[in-house]
Amino acid sequence: MLSQFILEHSTAHDDEVIVTPHTSVGWHQLRDQTLLMVAAGESLRKRRVGLCLGSSSQSYAVLAALDKLNCDSFLFDERLAMEEVIRLASNLRLGAVVQPQKRNNGSALEIREIENEENGSGNSTVTILTSGTSGQPKAASHSWESLGRPIRRGTNQSAPRWLMTYRPNLYAGLQVMLQCFADRGTLACPDSEMEPGSVVQFMTDSRVQYVSATPSFWRRLLMFANVEALRNIPLVQVTLGGEVIDQPLLDRLKKIFPHARLVHIYATTELGRCFSVSDGLAGFPISYLRQPLADGVSLRVQNGELLVQSPNSMRNYDRYSSGQRSGGDWFHTGDVVEIHDDRAYFVGRKSDLINVAGSKVYPIEVERVIRVIPGIADVRVFGKTSSIAGEVVACEIVPAPNQDPEALKEVVIRNCRSELSSHQQPRMIKLVTQLNLSSAGKTLRTKAL
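Taking the numbering used here, the leading residue of the sequence shown gets 1468, the next gets one more, and so forth.
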């Protein structure tokens, strides 16, 4: 599919396709890079191959080449140390690991052969690794068909300009790239460590129209970047996903971008894209639970957990993956929801649950109370081990500019005592300048201060 998009669009157009702070690449150049990588990677045909994928034209050219060569592609973050990539690739019984190399005479493909290779499927598949850099991650295998099924081709003639906020090796990053390329669009890729102010300037310079990002990304942008500069970017659509979306964030984004379509999407690596909500409200209508949605996705709630059937789901976990899919057609997402009136609201993930002397606390519930306090820019709630209670609630708080930290801390304590049960109240509060995000752009839930 990816190689088809590149070859199809390059025959008639040479508009920009990938823009970075340093380069601009057109469709013809991306096609030429892809064909060069196909020739360089002929020995990889129909094999299990790892790819160190970044947001560059060379990386996308290699991914398209592996598609053309009918490889089983396993995607690694390009920032991962090569020693760790080789270790994971060996555990997954891959035949080789590849990465693009910039040479004086153009792009080249570096191939590192690995022992103990298993036979490939002979089809073009994409496997996404869903957890950390140590241990054995889950490896969710998709076909290009399942990755491309949620893509909706635009009806207008103008090629959309998308901002890439996700890591390209993750499901969300692949979706943004495929949606952009399907519409002959331009993918604007900022540097991964770019500061919020520089990101906004890059968005302006790149004439970005569509942005898909996590709530944590948006909160950081709104906290540290110039909001007036953001208002001047004529966004057509703002999309959120990957984390629980709260109403205050939706309201603020609507105020800053009043003419943009505001969408939040529920998707997972295993299930693919499941559904979207565009009514400007947090959660989703309970009507979604009553009958299959338009694209064949079915939802239900069992013991407070969201279960999903999705035609966009992965083929399976790779046979050497640590993940094993439970039996039955319904996939247990691990996301907890509560129903109030005609709306279903996400409470948090079962894995994030804090057990305070037998009482359950979901971090999201505590964050909602703290986040609306004036002077709070952002907050992260998590569990910390306690010799007495098993766990206690802890939090990190980012004060808004020009706040008195100690006075703000007292307000947080006072409000939490008023609004929360005793077991929900944070026992440890730390003030920080910013929250650490995962490689997927989400707030980390590591249980430590």
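Glycine is no exception: its CB is placed at the ideal position from the N, C-alpha and C atoms.
Quick caveat, the model's predicted, so the values are computed rather than measured.
Straight-line spacing of the CA atoms in Pro1778 and Thr1681 works out to 24 Å.
In the three-state reduction of the DSSP assignment, Asn1783 falls in the strand class, which pools E and B.
Around the CB of Ala1506, fewer than 16 other CB atoms lie within 10 Å, so the residue is classed as exposed. For Thr1592, the beta-bridge partners assigned by DSSP are Asp1539, Ser1610. The DSSP-derived three-state label of Thr1653 is strand. Judged by DSSP secondary structure, Lys1817 falls outside any beta strand (DSSP E); it is assigned neither H nor E. By a beta-carbon distance limit of 8 Å, Thr1501 does not contact Asp1539. Their separation comes to about 18 Å.
Gln1891 and Val1833 have their alpha carbons spaced roughly 7 Å apart. Contact between the segment 1513 to 1527 and the segment 1547 to 1556 is established, with three or more Cβ pairs separated by less than 8 Å. Annotation: Ile1840 is outside any alpha helix (DSSP H) and is labelled neither H nor E by DSSP.
Considered as a whole, the segment 1708 to 1772 harbours 1728 to 1735, 1739 to 1744, 1765 to 1769 as its complete beta strand (DSSP E) runs of no fewer than 3 residues, in chain order. Judged by beta-carbon spacing, Gly1508 lies within the 8 Å limit of Ala1532, meaning their Cβ atoms are closer than that value. For His1807, the uninterrupted beta strand (DSSP E) run begins and ends at 1798 to 1807, by DSSP. Cα atoms of Ala1749 and Tyr1812: separation of roughly 7 Å, rounded to the nearest angstrom.
Three or more beta-carbon pairs drawn from the segment 1653 to 1668 and the segment 1472 to 1492 are found closer than 8 Å, and the two stretches are therefore classed as touching. Rounded to whole angstroms, the separation of the alpha carbons of Asp1785 and Thr1592 is 11 Å. Counted as a single uninterrupted DSSP element, the alpha helix (DSSP H) harbouring Leu1688 occupies residues 1682 to 1691. Below 8 Å, enough C-beta pairs join the segment 1826 to 1846 and the segment 1876 to 1892 to call them touching: three or more. When the beta-carbon positions are compared, His1609 and Met1468 stay at least 8 Å from each other.
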